[in-house]
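Student:
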Amino acid sequence: MSATAGQAQGERGLAERLGLKPGQVVQEIGWDEDVDDKLRDSIENLTGNELLDEDSDDVVDVVLLWWRDGDGDLFDALTNAMRSLADGGQIWLLTPKAGREGHVEPSDIGEDAATAGLSQTSSISAAPDWSGTRLVTPKGRR
7 MSATAGQAQG ERGLAERLGL KPGQVVQEIG WDEDVDDKLR DSIENLTGNE LLDEDSDDVV
67 DVVLLWWRDG DGDLFDALTN AMRSLADGGQ IWLLTPKAGR EGHVEPSDIG EDAATAGLSQ
127 TSSISAAPDW SGTRLVTPKG RR
């Protein structure tokens, strides 16, 4: 395998860890200078689609929500993010890791997600500075 092919596979691996698949439509909310560009690129490479911005009205399979402590009300952001989701869609809430500026306590995520009617299904290290929390609508409510 060439160095370029290995690098491409490594970048795809970031998006694959999120469970994304080719053809999925992903909306990105909360972009700022501190987001992880390698993760963003890997999502576009794997899905074959550019990330839609937060102003898009399209129905999406996944919402990528970059969130930092101090960004506002997480419950409101999650509620707004759900409006674009297709049935069976998911939200990946990306927050700075512990010890990083803008870190959000897991208890706050769990509380606001539950209040918004979402279930937390998994948490991963999404990028060097970012943790990812997968949120879905419970099966009985879809």
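Residue numbers for the sequence shown follow the working numbering, so the first one is 7 and each next one is one higher.
Heads up, the beta-carbon is just placed ideally off N, CA and C, and yes, glycines get one too.
Could you tell me the alpha carbon to alpha carbon distance between Gly-138 and Met-88, rounded to whole angstroms?
Tutor: Using only the alpha carbons, I get a separation of about 17 Å.
Student: Count the other CB atoms, across all protein chains shown, that sit within 10 Å of the CB of Asp-118; report buried if there are 16 or more and exposed otherwise.
Tutor: Buried, since its Cβ has 16 or more Cβ neighbours within 10 Å.
Student: In the structure shown, what three-state DSSP assignment does Glu-107 receive?
Tutor: Looking at Glu-107 - three-state DSSP - the assignment turns out to be coil, as it is neither helix nor strand.
Student: State the start and end residues of the unbroken alpha helix (DSSP H) segment that holds Pro-112.
Tutor: 112-121 is the extent of the alpha helix (DSSP H) around Pro-112.
Student: Pick from Glu-39, Glu-60, Ser-62 and Gln-33: whose alpha carbon is nearest that of Thr-53?
Tutor: Of the candidates Glu-39, Glu-60, Ser-62 and Gln-33, the one whose C-alpha sits nearest the C-alpha of Thr-53 is Gln-33.
Student: Please list the terminal residues of the continuous alpha helix (DSSP H) segment that includes Asp-47.
Tutor: Taken as a continuous stretch (DSSP letters only), the alpha helix (DSSP H) holding Asp-47 covers 43-53.
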